[in-house]
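K.L.:
UniProt numbering numbers the first residue of the sequence shown as 1 and each following residue consecutively.
Every residue gets a Cβ at the ideal spot worked out from N, C-alpha and C, and that includes glycine.
Below is one structure. I have some questions about it.
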Amino acid sequence: MKLAFIGASATAVATARQLAQRGHDVIVIDKDKDRIDSLTDQLDCGFVLGDGTRPDILREIDASTTHAIFCMTSNDQANILASLVARSLGCPRVITKIEDPEFEHIAIELGLENIIVPARTIGRFLADMVEGQDILELSSIIKGEARVFSFVVNENQAGPVSALELPDDTRLMCIYRGGNFILPDEDMKVKNDDEVVLITHSKQIPGLRERFIDAVKIR
Numbered sequence: 001m002k003l004a005f006i007g008a009s010a011t012a013v014a015t016a017r018q019l020a021q022r023g024h025d026v027i028v029i030d031k032d033k034d035r036i037d038s039l040t041d042q043l044d045c046g047f048v049l050g051d052g053t054r055p056d057i058l059r060e061i062d063a064s065t066t067h068a069i070f071c072m073t074s075n076d077q078a079n080i081l082a083s084l085v086a087r088s089l090g091c092p093r094v095i096t097k098i099e100d101p102e103f104e105h106i107a108i109e110l111g112l113e114n115i116i117v118p119a120r121t122i123g124r125f126l127a128d129m130v131e132g133q134d135i136l137e138l139s140s141i142i143k144g145e146a147r148v149f150s151f152v153v154n155e156n157q158a159g160p161v162s163a164l165e166l167p168d169d170t171r172l173m174c175i176y177r178g179g180n181f182i183l184p185d186e187d188m189k190v191k192n193d194d195e196v197v198l199i200t201h202s203k204q205i206p207g208l209r210e211r212f213i214d215a216v217k218i219r
């Protein structure tokens, strides 16, 4: 696969190295020339000097033919902007790194589906590890055409779970309310600002995005 990283952070470099070693075509984009120069002997991949939030830079790597773009700079706003630009240029999958939970909420509202929060992920991993719990990655469960889709409820969507009228091949997994994890039942109501997490077939993603995310932007 052709993969690109915007931002040469330590996490990005470690991930890029793993993917390059597995035979993928990797490109690293960073606007710090010294940083790129320091990596040329360490990574077997391509490098682009420039601002990954700019359309001309993403056109240079042909975002539409890039299987996934990882937006992993040290700035949440830059990562969100780069993700939106990459998506608008036709990249089929964008991964957005977010550090501030407030920006995570905004990223979800903007329809960014693949969001990683490193500090929280590591924190949960270590907490589970010290308690002796088995760590089971979601990626080992969600296979084939299954996809996870989430959206933030607005005031027009608030109401009984049944009123969401989810399409075939789609089920409600859980709800996050004020940071709290909730397993819903049929009688539960979703509230404004709830984050709803669904499991669905990949073919349903465009319709779900149009209904629960794009429709909000139009309003």
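Quick one: what does DSSP say residue 97 is sitting in, helix, strand or coil?
P.N.:
Within the sequence shown, numbered from 1, the residue matching residue 97 stands at position 97. In the structure shown, residue 97 sits in a strand (DSSP, three-state: E or B).
K.L.:
What whole-angstrom Cβ distance do residue 59 and residue 84 have, given they're in contact under 8 Å?
P.N.:
Here residue 59 refers to the residue found at position 59 of the sequence shown. Here residue 84 refers to the residue found at position 84 of the sequence shown. That belief does not hold up - the Cβ atoms of residue 59 and residue 84 are roughly 15 Å apart, past 8 Å.
K.L.:
Among residues of its own chain, excluding the 5 on either side of residue 66, which ones have a beta-carbon nearer than 6 Å to its beta-carbon?
P.N.:
Sequence index remark: in the sequence shown, residue 66 carries index 66 (1-based). Around residue 66: 2, 4, 91.
K.L.:
Per DSSP, residue 146 is paired with what?
P.N.:
What you label residue 146 is simply residue 146 of the sequence shown in a count that begins at 1. Beta-bridge pairing links residue 146 to 201.
K.L.:
On the DSSP letters alone, give me the boundaries of the alpha helix (DSSP H) that residue 15 sits inside.
P.N.:
By one-based count along the sequence shown, residue 15 stands at place 15. Looking at the DSSP string, the run of the alpha helix (DSSP H) that includes residue 15 is 10-21.
K.L.:
Counting only beta-carbon atoms, is residue 8 nearer than 9 Å to chain B?
P.N.:
In summary, chain B is missing from the structure at hand, where a single protein chain is found.
K.L.:
My understanding is that residue 153 touches residue 192, with C-beta atoms under 8 Å, so please give their C-beta distance in whole angstroms.
P.N.:
The residue given as residue 153 occupies position 153 in the sequence shown. The residue given as residue 192 occupies position 192 in the sequence shown. Yes, they are in contact, since the Cβ atoms of residue 153 and residue 192 sit about 6 Å apart, within 8 Å.
K.L.:
Nearest-angstrom Cα distance between residue 221 and residue 11?
P.N.:
Not covered by the structure: residue 221. The range shown for the chain is 1 to 219.
K.L.:
The beta strand (DSSP E) with residue 172 in it runs from where to where?
P.N.:
Translated into the one-based positions of the sequence shown, residue 172 becomes position 172. Element bounds for residue 172: 170-177.
K.L.:
How far does the beta strand (DSSP E) with residue 30 in it reach, from first residue to last?
P.N.:
If you number the sequence shown from 1, residue 30 lands on position 30. Note, residue 30: beta strand (DSSP E), 25-30.
K.L.:
Could you spell out the range, first to last residue, of the beta strand (DSSP E) harbouring residue 68?
P.N.:
In the sequence shown, residue 68 corresponds to position 68, counting from 1. First-last of the beta strand (DSSP E) with residue 68: 68-71.
K.L.:
Suppose contacts are defined by Cβ-Cβ distances below 9 Å. Is residue 36 in contact with residue 8 by that definition?
P.N.:
Along the sequence shown, one-based indexing puts residue 36 at 36. Along the sequence shown, one-based indexing puts residue 8 at 8. The answer is yes: Cβ separation under 9 Å.
K.L.:
Out of curiosity, what's the CA-to-CA distance linking residue 207 and residue 81?
P.N.:
The sequence position of residue 207 within the sequence shown is 207, counting from 1. The sequence position of residue 81 within the sequence shown is 81, counting from 1. When rounded, the distance between both Cα atoms is 24 Å.
K.L.:
Would you report the Cα separation of residue 212 and residue 25, rounded to the nearest angstrom?
P.N.:
In the sequence shown, counting from the first residue as 1, residue 212 sits at position 212. In the sequence shown, counting from the first residue as 1, residue 25 sits at position 25. C-alpha separation (whole angstroms): 34 Å.
K.L.:
Within a Cβ cutoff of 6 Å, which residues of the same chain sit near residue 218, ignoring the five residues on either side of it in sequence?
P.N.:
In the sequence shown, residue 218 corresponds to position 218, counting from 1. At residue 218 the pLDDT is 36, less than 50, meaning the model places this residue with poor confidence; the figure from the coordinates comes in the next sentence. Here the set comprises nothing.
K.L.:
Secondary structure at residue 7, three-state DSSP: helix, strand or coil?
P.N.:
Position 7 of the sequence shown, counted from the first residue, corresponds to residue 7. Here residue 7 sits in coil by DSSP.
K.L.:
Roughly how many whole angstroms lie between the Cα atoms of residue 107 and residue 20?
P.N.:
In the sequence shown, counting from the first residue as 1, residue 107 sits at position 107. In the sequence shown, counting from the first residue as 1, residue 20 sits at position 20. If I take the Cα positions, the gap works out to 28 Å.
K.L.:
Mind checking which residues open and close the beta strand (DSSP E) that includes residue 48?
P.N.:
One-based indexing of the sequence shown puts residue 48 at position 48. Element bounds for residue 48: 46-49.
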